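This report concerns only the one structure given below.
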Amino acid sequence: MDLNWSGAEEAFRDEARTWLEANVPRPSLPSGDTAAGFAAHLDWERTLHDAGWAVVSWPRAYGGRDASLWEWLIFEEEYYRVGAPQRVTQNGIFLLAPSIFEFGSPAQQDHYLPRMSAAVDLWCQGWSEPNAGSDLAAVRSRATRDDDAGGWVLSGQKTWTTRGAFCNYLFGLFRSDPESERHRGLTYFMVPLDADGVTVRGFGRLDGDEGFAEVFLDDVFIPDDDGTPATMERGGILGEVDRGWGVAMSTASSERGLTLRSPGRFQATASRLVDLARQRSSDGQLTELLADRVTEAWIAAEAYALYTLSDVTDIAEGRSPGARSSYNKLFWSELDVRLHEVALELLGPDAELVGPWTTGYQFALSGPIYAGTNEIQRNIVAERVLGLPRK
Amino acid sequence: MDLNWSGAEEAFRDEARTWLEANVPRPSLPSGDTAAGFAAHLDWERTLHDAGWAVVSWPRAYGGRDASLWEWLIFEEEYYRVGAPQRVTQNGIFLLAPSIFEFGSPAQQDHYLPRMSAAVDLWCQGWSEPNAGSDLAAVRSRATRDDDAGGWVLSGQKTWTTRGAFCNYLFGLFRSDPESERHRGLTYFMVPLDADGVTVRGFGRLDGDEGFAEVFLDDVFIPDDDGTPATMERGGILGEVDRGWGVAMSTASSERGLTLRSPGRFQATASRLVDLARQRSSDGQLTELLADRVTEAWIAAEAYALYTLSDVTDIAEGRSPGARSSYNKLFWSELDVRLHEVALELLGPDAELVGPWTTGYQFALSGPIYAGTNEIQRNIVAERVLGLPRK
Amino acid sequence: MRFALTDEQQEFRDAVRSLLADTCAPDDVRAAWADATLAGGGPGGGDGRVRRAWSALGEMGVLGLCVPEDHGGLGGTDEDLVPLLIEVGRAGLPDPVSSTAGVVVAALRDHAAPGVAATWLPRVAGGEVAIGVGFEGAGTVPAAASLDAFLLSDRDELHLVERTGVELEPLETVDGARHLARVRWTPSEATLLAGGTDDLREGFGPVNETFDRAALGAAAVLAGLSRRMLDMAVQYAGERQQFGVPIGSFQAIKHQLADASLAVEFAEPLVLRAANSLALGDPGAPAHVSMAKAAISDAADGAARASLQVHGAIGYTVEYDLHLYMKRAWALAVRHGDAAFHRKRVRTAVLGV
Amino acid sequence: MRFALTDEQQEFRDAVRSLLADTCAPDDVRAAWADATLAGGGPGGGDGRVRRAWSALGEMGVLGLCVPEDHGGLGGTDEDLVPLLIEVGRAGLPDPVSSTAGVVVAALRDHAAPGVAATWLPRVAGGEVAIGVGFEGAGTVPAAASLDAFLLSDRDELHLVERTGVELEPLETVDGARHLARVRWTPSEATLLAGGTDDLREGFGPVNETFDRAALGAAAVLAGLSRRMLDMAVQYAGERQQFGVPIGSFQAIKHQLADASLAVEFAEPLVLRAANSLALGDPGAPAHVSMAKAAISDAADGAARASLQVHGAIGYTVEYDLHLYMKRAWALAVRHGDAAFHRKRVRTAVLGV
């Protein structure tokens, strides 16, 4: 066990911190889930990219700096510590990209990854459909083969697409084998949202921001991949035809695991919570009861940070967390809710006023729902980690 | 709404309190779940009966005093307030008796009820079997018709029979139609434990007391009811042959509902908890955190008391609580655990020492398990009260 | 002893439920929001009021329920009104029913000079005025800009201040139908309604009683909001199919809703008991109110959490109705004392510390 | 940065797990109870010790793991020992492994005069002595009558007192294998091991460090007990049939066990981190120990509760093994500071209040 950072890692942290402190927009950007806010965020994403901080753990050729997973953790810690903006590119960078690294052809990697890190291509998820949420295998959107035209024709409807109204690409599953059921016969498509036949309708999230979209696909043509950028710009298939489920599971595992929810994020929230508690204390308003709740939440944030250190150790040494990533998802999503709940308790009567903690609370409440509801995660833990019988 | 007791009710309370304070054994009796303790409890039960307090709400002919359900509530409050002994007759009085009132013939009522209230017949439950616990309909113990001998022959095994080693009668379900499955073809038998073919083996509960028993039945003969006491002493059938499930459900509803768990019981525990907290407070040991936990538990005990007032109003006015009795069972069982948990928190390092609160805690932990586990109760609430789909 | 609503109370309650179902549908609540987008649609430009429901309640006698008969009311009590406030909650009606018909009427009836009472009570009973209530400290009042007058506390004095006597600083709340404002005003002889007579130890006197009644009103509305959220979740869970079955057939969904409804089921009797105690001036009333507000605040938070989780992503959108009730529940759970505040009052009463 | 056991640590841990599975079976734990009936069977007359397991641990070098090499030990650290204490917990071994091999060895090594250390450390390493630890206040020690010596605190002094120097008052505990006793003794120059140097603000010095190490030992054992209880519940749920299926296929059972295991899963890293901090004398060590003890005490209570509930009535009997581990967990959850006590220490470190 070695819980110290190396000299090189400390130097990396200093460099990241210095750059972030000098460059993070002040005052904070508006929410990235509105049209105006999204545009402001794009500027920030491109600043980040130009300085080489957009995707630190990626190869330099794709806009990264070949950083280790440890350095990525450090960067995330510094990113959230300084209160830098929410990453509106995160669904591409943290979810799609790992699957492109795993399943994409070299040409696909060379095409999509640099454009993603440079925030040229902005990706949203197309997982859910009106009748396929937790039950992802129930997708009905179709991909029909058109041999004459040399490609696939997509039709159907995707929903709950985060920031779908502001992105220009979508990734998701389509049923390519009409005879198939459930997990079989699905293909993982990448779809440009400016293609003919695509309609995007944004709608309001709990906090009122237009953070969700419905995406309607009406005979959207995706040409066969000939390895040229011009074709890949028009979309494509990740992995093999009819084998999309495996690719999707890899993406889902990224969503549950630590890559989307680095501990730095919750440690930063826990720090803000401690600041709030200290402020209440100096106002003579911090009861012992609330101090205890703050402490409990703080300990949980520490536990999450340590758990992820153990995760990263495993990954660095070639051991896959597998189904255990459901533990991460359960813990961070409940932790995030708890941190905000305690903050609202500290705010007392002011907890009904719009402010960072109420907005954060509403966002936190989505944690136990998206990326596979926590009910699904508990099933996975019970069946695949503990070994309880499926039926 | 009228939350005051009438003059007559207050007089009843005074009478009960005066008698209890004068007669309750001091020091407290040993646990009724050991052989010696049970004998001491029997003396108490007979004292109670002789003074007319054993079954206040029953008709005088059966040893009661025709008290209203409201007076019963009052008696229970006083009984627990004064710290009177656990009722070792409760499984007969509170569970079997309501079913005898509902399903028994006049002769059965005349025979069994007075002997029960006088603690001559001591009844234990024969619900569970090694493979039928929560799943009561899975009982395998058999009742075989013997027309020549004029009766039924019982075989099988019952378990988790509370105080089975000290009682002389058992009631439970037996499969009388060998072709039947699940809820059908079961008959509700009353069985003397001194009959030929019965073997009783006591075993230790969590607190070490021999409070449980296994009961083995090996060709135990129950003669047909001819209405004579001599025959009824040898056991009998409650309700109709093959229709035992309905009788059992009536018994189970008594177990879940308020009759077994009057609010006085938990209010007395809550009072003792408050006393403990006050004592800790005068020792300068009561943190604000613990005071809050005590208060929360106190409020819950109040809520339970009020809820039962509403139940009793319903019953008194002819409205049946039905499936809502599962709410009672969930609430009192969790409340009892919580009251004891908070007490153990107040005890701090002494919480590992044997004492009334640790013993009470261990007993309380059985609450969410017996009388249909709380998982079963939540199913009932969800399906039969809220109306969620069974499948 | 009888712990149940009377037949008349039940009939009145049922009539109000049905009236509000007609006059305060989800789209009416939505229209009370100023910002149509935030509410998930509707015309926008609302002021925290659903006037057709308010008028209907006036016509039905709800607003004058607790006004003495000689001032044109029905001479009812908190015990009569509280079941109706539960219905106000169930409908998500944002209007100041609790403050106008409950808190203010009681203060006027019990503490005001006869002339003041005679001026205001008939106007309340006639549905002519809407009055809010605010306490020193927070000093905020919902639907403030729409009100005719304000019942405000200053130390142990109660003041009744007309709209022209206050300045309002609007506050943005999570529930856009709240239209909360901080009220700035100056106490004067002219505004004084009653005062100087609070018995702090016992919790009685004009300000204490007003606070308790306001807290109980919030508790009652929370009970109704909780029922609404749970009803929506039960209905949705029975319809929404995943994995080929309604999600309500999964035990995880069943048990979440069973637990959430259990908490509401056992908090509601505390609310009704507190109404009885307040009506009778029972010495236990302050502690009873606090038990009720503590329990239902937690139960409502739990109902909101469970209902949102059961709904999944659709509950997370403003186009769906759930958020209209959930956000109100969040607001009222911390209004007039959150659960911890009220447990502390109970603690003092029970433990003496 | 590397947050995982080394290969050697894992191998040692696996060897100890296997050793204890052989030498400390449930019936061995049962035999450590004085009263056979209370334990659910067995010969009775135990004294809180499983000597064949203790001897085996001595032979394997566990007892001398943290004894410096020049005193006959392996020169290990808390980080080496704590994973083995988790195994002690998993096996339910009641013997004083944590106090003897961890707490006492560290006190002798770090704070005792060379002569005292040289007298005792080789005897510990040789498995010749068993030593308990008790603090002012509670003043209780488990397996007390079987011990050779006691490490006891008196204000900021640590004393090492031989068996002849103490009087024991036996206490009855829920876990009959505990054999707890209150220790009465008189501090003297002769018993003084170290003292007068505690830095209360920082939490270092002989008594502070001894307390932290004792608390961490309890935390580690609790982690193992939690795993054991959950493993038993998972196994039982996979076998027990109700309604024609294993009860483990019901979502209500799955989710209870998933939640209980989640809490243990996230508490254990806090335990391992605290071991690292104590070994290195990290200034954060006291807070780290308290985070660990707070989190695992709650997690163990949760594991006990879930495991009992999943087992149903069979878990409620002393003939079944669960109670052996559950009662130990209850005892250790409140030993050397319960969760609230330790959260208060963390609170001071984090919030400064």
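Chains as they are written, first to last, in the working numbering: chain A, 1 to 391; chain B, 1001 to 1391; chain C, 2001 to 2353; chain D, 3001 to 3353. Positions of the beta carbon are idealized from the N, C-alpha and C atoms, including for glycine. Here the structure is a predicted model, which means the values were calculated and not measured.
Residue i versus residue j: straight-line alpha-carbon distance, rounded
i: Trp1298 (chain B); j: Ala2303 (chain C); result: 22 Å
i: Ala3143 (chain D); j: Trp1332 (chain B); result: 38 Å
i: Arg338 (chain A); j: Gln3010 (chain D); result: 34 Å
i: Glu3087 (chain D); j: Gly1246 (chain B); result: 50 Å
i: Ala2145 (chain C); j: Ile1315 (chain B); result: 49 Å
i: Thr231 (chain A); j: Pro30 (chain A); result: 36 Å
i: Glu1240 (chain B); j: Gln3241 (chain D); result: 30 Å
i: Thr2370 (chain C); j: Gly2132 (chain C); result: This structure cannot settle anything about residue 2370 (chain C), because the visible part of chain C is limited to 2001 through 2353.
i: Val3105 (chain D); j: Leu136 (chain A); result: 56 Å
i: Gly2046 (chain C); j: Asp2027 (chain C); result: 12 Å
i: Leu3084 (chain D); j: Pro3286 (chain D); result: 21 Å
i: Gly3061 (chain D); j: Asp3198 (chain D); result: 31 Å
i: Arg3051 (chain D); j: Gly1202 (chain B); result: 31 Å
Chain C residues whose Cβ lies nearer than 9 Å to that of residue i
i: Ala138 (chain A); result: Gln2241, Gln2242, Phe2243, Gly2244
i: Ala3233 (chain D); result: Within 9 Å Cβ-Cβ: nothing; Ala3233 (chain D) doesn't reach chain C, min ~17 Å.
Cβ shell of residue i (< 6 Å), same chain only, five flanking positions each side left out
i: Arg2345 (chain C); result: Ser2290
i: Ala2218 (chain C); result: Leu2332, Arg2335, His2336
Residue-level contact to chain D via CB, residue i, 8 Å cutoff
i: Gln2309 (chain C); result: no
i: Ala2252 (chain C); result: yes
Partner residues on chain D for residue i, Cβ-Cβ distance less than 9 Å
i: Arg384 (chain A); result: Simply none; closest approach about 11 Å.
Within-8 Å CB hit, residue i to chain A
i: Asp3198 (chain D); result: no
i: Glu1240 (chain B); result: no
i: Val2221 (chain C); result: no
Contacts of residue i in chain A (Cβ-Cβ under 9 Å)
i: Trp2330 (chain C); result: Leu344, Ala351, Glu352, Thr358, Tyr361
Contact set between residue i and chain C, taken where Cβ atoms lie within less than 7 Å
i: Leu339 (chain A); result: Near Leu339 (chain A) there are no residues of chain C at all, since even the closest Cβ is about 15 Å away, more than 7 Å.
i: Phe1331 (chain B); result: Leu2262, Phe2266
Residue i at chain C interface by Cβ criterion, 8 Å
i: Ile1237 (chain B); result: no
Close-in-space but distant-in-sequence residues of the same chain around residue i (CB under 7 Å, 5 per side omitted)
i: Thr159 (chain A); result: Ser128, Glu129, Pro130, Glu214
i: Gly1211 (chain B); result: Asp1033, Thr1162, Arg1163, Arg1205
i: Arg1060 (chain B); result: Asp1066
i: Arg1145 (chain B); result: Trp1152
i: Gly2176 (chain C); result: Trp2033, Ala2034, Asp2035, Leu2038, Ala2039
Any C-beta of chain B under 8 Å from that of residue i
i: Phe2266 (chain C); result: yes
i: Leu388 (chain A); result: no
i: Thr295 (chain A); result: no
Chain B contact residues for residue i, given Cβ-Cβ distances below 9 Å
i: Glu2079 (chain C); result: Met1001
Whole-number beta carbon distance between residue j and residue i, since they are thought to touch under 8 Å
i: Thr269 (chain A); j: Val3350 (chain D); result: Incorrect: roughly 14 Å between the Cβ atoms, too far for contact.
i: Leu2225 (chain C); j: Gly2092 (chain C); result: 7 Å
Interface partners of residue i on chain A, CB under 8 Å
i: Pro3269 (chain D); result: Ala303, Leu306, Tyr307, Leu309, Ser310
i: Gly3205 (chain D); result: Those do not exist, as Gly3205 (chain D) stays about 23 Å from chain A at its closest Cβ, beyond 8 Å.
i: Ser3297 (chain D); result: Residues of chain A passing the Cβ test: none, with the nearest at roughly 11 Å.
Residues near residue i in its chain [Cβ-Cβ closer than 8 Å; skip 5 each side]
i: Ala277 (chain A); result: Leu286, Leu290, Ala291, Val294, Leu346
Heavy atom of the ligand MG within 7 Å of residue i beta-carbon
i: Ser3098 (chain D); result: Looking for the ligand MG in the displayed structure turns up nothing, as the structure carries no ligands at all.
Under 8 Å from the C-beta of residue i: neighbouring residues of chain C
i: Trp1298 (chain B); result: Val2346, Val2350
Contact set between residue i and chain D, taken where Cβ atoms lie within less than 7 Å
i: Pro1223 (chain B); result: The contacting residues do not exist; Pro1223 (chain B) stays about 32 Å from chain D at best.
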